[in-house]
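J.: Sharing a structure, written as structure tokens. Questions coming.
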Amino acid sequence: MRIMTTGSDLAGADDRARVRAYHDLSTHRLDRFAPGPETLDWDSQPDPFRNFAGARRTPLPLSADGLTTGFADLSRPGAVAPAPLSLDSLALLLELSLGVSAWKAQGPDRWALRCNPSSGNLHPTEAYVIAGGVPGLADGVHHYDSHSHGLEQRCAAGLAQPGMWIGLGSVHWREAWKYGTRGFRYCQLDTGHALGALRCATARPRLAGAQRWSRDLTMPPWASCWAPTAQPILPASRRRTPKPCWSCHRAAPCRTAAGFRFCISGSGPERQAFWTHTRS
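Residue numbers for the sequence shown follow the numbering used here, beginning at -5 and rising by one.
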């Protein structure tokens, strides 16, 4: 994954124009809906769970049922004892915020519900743990597999000081499959849902330092390997070479607006959706 920055990438007038153009293109209006698929292609329905075959796995314990903290305790100073950073406290944090909360079934269909809300229950948000010095967990980058409640190591690396970050990425095709152009909006909405769930969950075991939210965190230099398979998102860096459009969900050319285009590549559940810049 390319980690999106919030400074220089948005500094230019062209980038702001692209953002405004996307906002205009993806806005529902009185006389029209934003572009989207007319029907759902069930053969291309994306898998809501991601996992990495062959990755080193760390199973996580399920312990939410043993919590005695009440909701009212969260607003009472001193009612929740602080918990040290450990594999157990990390597992509880992920279980309460991003874990599977229930399974439902109707006829032959069966689907999962999660603690973090998601538009259309499509769950484009994926979580990655960047950890160093956490007892029971190898240093490096780990993907959280909510289906099995475990961590999959994506790369091994050390930190100068013990610590932990949780990074969120989006699989845009999961939203674009149903919502088309507006899919990117819902990816951002679901990221906010996940952040809110994480913030609420940190209050249950009261992880030390876990509620210090910042936009200017200094990431380890190797953190760019945390999710190398995710798609780029708008706004893209001016230095990035535009990706070719392999195919669209329609026979017509890709949708374009103000220097960018919406592309869908691949086929079946592995289809991907992304915005890419065009050269002027």
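All residues carry an ideal CB built from backbone N, CA and C; glycine is no exception.
#1: Take the Cβ of Leu61 as the centre, count every other Cβ of all protein chains shown within 10 Å, and call the residue buried at 16 or more, exposed below.
#2: Residue range of the beta strand (DSSP E) that Ser91 falls in?
#3: Over what stretch of residues does the beta strand (DSSP E) that includes Leu162 continue unbroken?
#4: Closest to His22 by C-alpha separation, out of Thr185, Gly177, Cys181, Ala188, would be which residue?
#5: With DSSP as the reference, label Thr21 as helix, strand or coil.
#6: Checking the sheet assignment: what are the DSSP bridge partners for Trp97?
#7: Nearest-angstrom Cα distance between Gly174 and Lys98?
#8: Using beta-carbon positions only, say whether His137 and Arg168 come within less than 8 Å of one another.
#9: Any idea which residues DSSP pairs Gly126 with across the strands?
#10: Check whether the Cβ atoms of Cys90 and Val123 sit closer than 8 Å, and answer yes or no.
#11: Distance check for Thr196 and Ser277, CA to CA, integer angstroms please.
#12: Could you compute how far the alpha carbon of Gly64 sits from the alpha carbon of Asp37?
T.: According to the structure data:
#1: Position 67 of the sequence shown holds residue 61. So Leu61 ends up on the exposed side.
#2: Along the sequence shown, one-based indexing puts residue 91 at 97. Unbroken run through Ser91 is the alpha helix (DSSP H), 81 to 92; no beta strand (DSSP E).
#3: The residue given as residue 162 occupies position 168 in the sequence shown. Run containing Leu162: 157 to 164, per the beta strand (DSSP E) assignment.
#4: Locating residue 22 in the sequence shown gives position 28, where the first residue counts as 1. If we check each option's Cα against that of His22, Gly177 comes out closest.
#5: By 1-based counting over the sequence shown, the position of residue 21 is 27. If DSSP states are grouped into helix, strand and coil, Thr21 belongs with coil.
#6: For the purposes of this step, residue 97 is taken as residue 103 along the sequence shown, with counting starting at 1. DSSP output for Trp97 lists Ala106 as bridge partner(s).
#7: Here residue 174 refers to the residue found at position 180 of the sequence shown. Here residue 98 refers to the residue found at position 104 of the sequence shown. Going from the Cα of Gly174 to the Cα of Lys98 covers about 26 Å.
#8: The residue labelled residue 137 in the question sits at position 143 within the sequence shown. The residue labelled residue 168 in the question sits at position 174 within the sequence shown. The Cβ-Cβ distance between His137 and Arg168 does not fall below 8 Å.
#9: Walking along the sequence shown from the start, residue 126 turns up at place 132. Paired residues: Gly157.
#10: By one-based count along the sequence shown, residue 90 stands at place 96. By one-based count along the sequence shown, residue 123 stands at place 129. The sequence shown places Leu at residue 90, not Cys. Not a contact, by the Cβ cut-off of 8 Å.
#11: Outside the shown range of the chain (-5 to 274) lies residue 277, about which nothing can therefore be said.
#12: Residue numbering aside, residue 64 sits at position 70 when the sequence shown is read from its first letter. Residue numbering aside, residue 37 sits at position 43 when the sequence shown is read from its first letter. Approximately 44 Å, taken between the alpha carbons.
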